[in-house]
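Engineer: Handing you a structure now.
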Amino acid sequence: MSSRGPVVDVRSLHVRFGEVEAVAGVDLQAEAGQATALLGRNGAGKSTTMRVLAGVVPPTAGSAVVAGYDVRTHALEVKRRVGYCPDVGGLVPRATPWEHLQLSARLRRLAGWEERGRDLLERFELGDVAHRVTTGFSHGMGRRLSVVLAALHEPEVLLLDEPFDGVDPIGVEATFEVINDARARGACVLVSTHLRELAVEACTAVLVLRGGAQVATASAGDMAGEEGARAYRSLLD
Numbered sequence: 001m002s003s004r005g006p007v008v009d010v011r012s013l014h015v016r017f018g019e020v021e022a023v024a025g026v027d028l029q030a031e032a033g034q035a036t037a038l039l040g041r042n043g044a045g046k047s048t049t050m051r052v053l054a055g056v057v058p059p060t061a062g063s064a065v066v067a068g069y070d071v072r073t074h075a076l077e078v079k080r081r082v083g084y085c086p087d088v089g090g091l092v093p094r095a096t097p098w099e100h101l102q103l104s105a106r107l108r109r110l111a112g113w114e115e116r117g118r119d120l121l122e123r124f125e126l127g128d129v130a131h132r133v134t135t136g137f138s139h140g141m142g143r144r145l146s147v148v149l150a151a152l153h154e155p156e157v158l159l160l161d162e163p164f165d166g167v168d169p170i171g172v173e174a175t176f177e178v179i180n181d182a183r184a185r186g187a188c189v190l191v192s193t194h195l196r197e198l199a200v201e202a203c204t205a206v207l208v209l210r211g212g213a214q215v216a217t218a219s220a221g222d223m224a225g226e227e228g229a230r231a232y233r234s235l236l237d
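Each residue of the sequence shown is one higher than the one before, starting from 1 at the first, in full-length UniProt numbering.
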């Protein structure tokens with residue numbers, strides 16, 4: 001992986017759905033080995049930005065380059081290089097966690113993935129339900145499995161959209177481990193969340209979004225503690 005230039009490079013990103021402007025001018029540069037949080041309330045444009053970076057939604061205006069590939073013209077190459085945990089959906093109701101892993105490995109032509117798959121399931125306390133269909137899984141269990149699937153192939157860019165939503169402390173700690181492991185091997189990590197305290201614990205940099213627009217970029221330290229909480233509230237008012 002090249003250390004020159006940002007792995008994720010977003011310039012003046014705009015996304016419209018009809019008359020609704022979901023993203024209104026986001027700029028983001030994220031490096032290898034760095035974890036960046038997209039922080040904001042529901043409807044801030046976090047998930048739409050993540051979908052653009054995953055190659056799922058094209059930009060209306062502006063540019064987004066992921067691992068050297070323009071998401072508009074090389075969406076398939078982008079998808080090959082990212083691991084994406086979507087904010088909702090993404091699971092097959094009648095498939096088991098192990099079958100999800102098998103399908104992901106087959107689609108990505110992974111070899112020798114089984115040991116890593118078992119380790120991830122155990123980390124997220126899904127080992128006991130590895131062969132149970134996901135119908136009936138709690139929201140938190142589904143979130144944990146989505147993180148496992150995103151991390152399985154050790155992607156160059158790891159995109160976790162609301163990975164902490166409804167997740168218990170053990171799942172949160174396991175997600176922190178996945179983020180730290182990805183950073184240690186030089187991956188670029190982006191995490192979207194509305195939970196400030198978890199954002200600053202998991203990440204090194206924070207991008208604050210409000211109403212689809214970028215309102216601040218700060219270090220995680222600047223957004224931590226009571227002073228960080230006050231600063232964050234002022235940005236959302």
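A virtual CB, placed ideally from N, CA and C, is assigned to each residue, including glycine.
Do you know how far the Cα of Asp-237 is from the Cα of Thr-175?
Structural biologist: Cα-Cα distance, rounded: 30 Å.
Engineer: State the start and end residues of the unbroken beta strand (DSSP E) segment that holds Arg-72.
Structural biologist: Taken as a continuous stretch (DSSP letters only), Arg-72 belongs to no beta strand (DSSP E), as it is neither H nor E.
Engineer: What's the gap between the Cα of Met-1 and the Cα of Thr-73?
Structural biologist: Low confidence applies here, because Met-1 scores a pLDDT of 39, under 50, leaving its location unreliable; read the following figure in that light. Computed Cα separation, rounded: 21 Å.
Engineer: Determine whether the beta carbon atoms of Val-157 and Cys-188 lie at a separation below 7 Å.
Structural biologist: Contact: yes.
Engineer: Contact between the segment 26-41 and the segment 193-202: three or more CB pairs below 8 Å?
Structural biologist: The segment 26-41, when compared against the segment 193-202, does touch it at the 8 Å Cβ threshold.
Engineer: Rounded to whole angstroms, what is the Cα-Cα separation between Tyr-232 and Ala-213?
Structural biologist: Spanning the two alpha carbons is a distance of roughly 15 Å.
Engineer: On the criterion of 16 or more Cβ atoms from any shown chain inside 10 Å, does Arg-106 qualify as buried, or is it exposed?
Structural biologist: Looking at its Cβ environment, which holds fewer than 16 other Cβ atoms inside 10 Å, Arg-106 is exposed.
Engineer: Helix or strand or just coil, what does DSSP make of Thr-175?
Structural biologist: Looking at Thr-175 - three-state DSSP - the assignment turns out to be helix.
Engineer: Drop a sphere of 10 angstroms on the beta-carbon of Val-167, count the other beta-carbons inside from all chains shown, and report buried for 16 or more, exposed for fewer.
Structural biologist: Per the 10 Å Cβ criterion, buried.
Engineer: One question on the structure: do Gly-112 and Leu-121 come within less than 7 Å of each other, judged by their Cβ atoms?
Structural biologist: It is not a contact, given that the beta carbons lie outside the stated cut-off.
Engineer: Sorted by chain position, which residues of the same chain lie with C-beta nearer than 8 Å to Ser-146's C-beta, five sequence neighbours on each side aside?
Structural biologist: So the qualifying residues of the chain are Cys-85, Pro-86, Gly-90, Leu-91, Pro-163.
Engineer: Assuming Val-215 and Leu-235 form a contact by the criterion Cβ under 8 Å, report the distance between their Cβ atoms to the nearest whole angstrom.
Structural biologist: Right, their Cβ atoms sit about 5 Å apart.
Engineer: Under 8 Å by Cβ, that's how I've got Arg-16 and Thr-60 pegged, so tell me the actual separation to the nearest angstrom.
Structural biologist: The Cβ separation is near 4 Å, so the contact holds.
Engineer: Compare the beta carbon distance of Val-10 and Leu-39 with 7 Å and say whether it is the shorter of the two.
Structural biologist: Going by C-beta atoms, Val-10 is not nearer than 7 Å to Leu-39.
Engineer: Which of the three DSSP states is assigned to Leu-103 in this structure?
Structural biologist: The answer is helix: DSSP assigns Leu-103 an H, G or I state.
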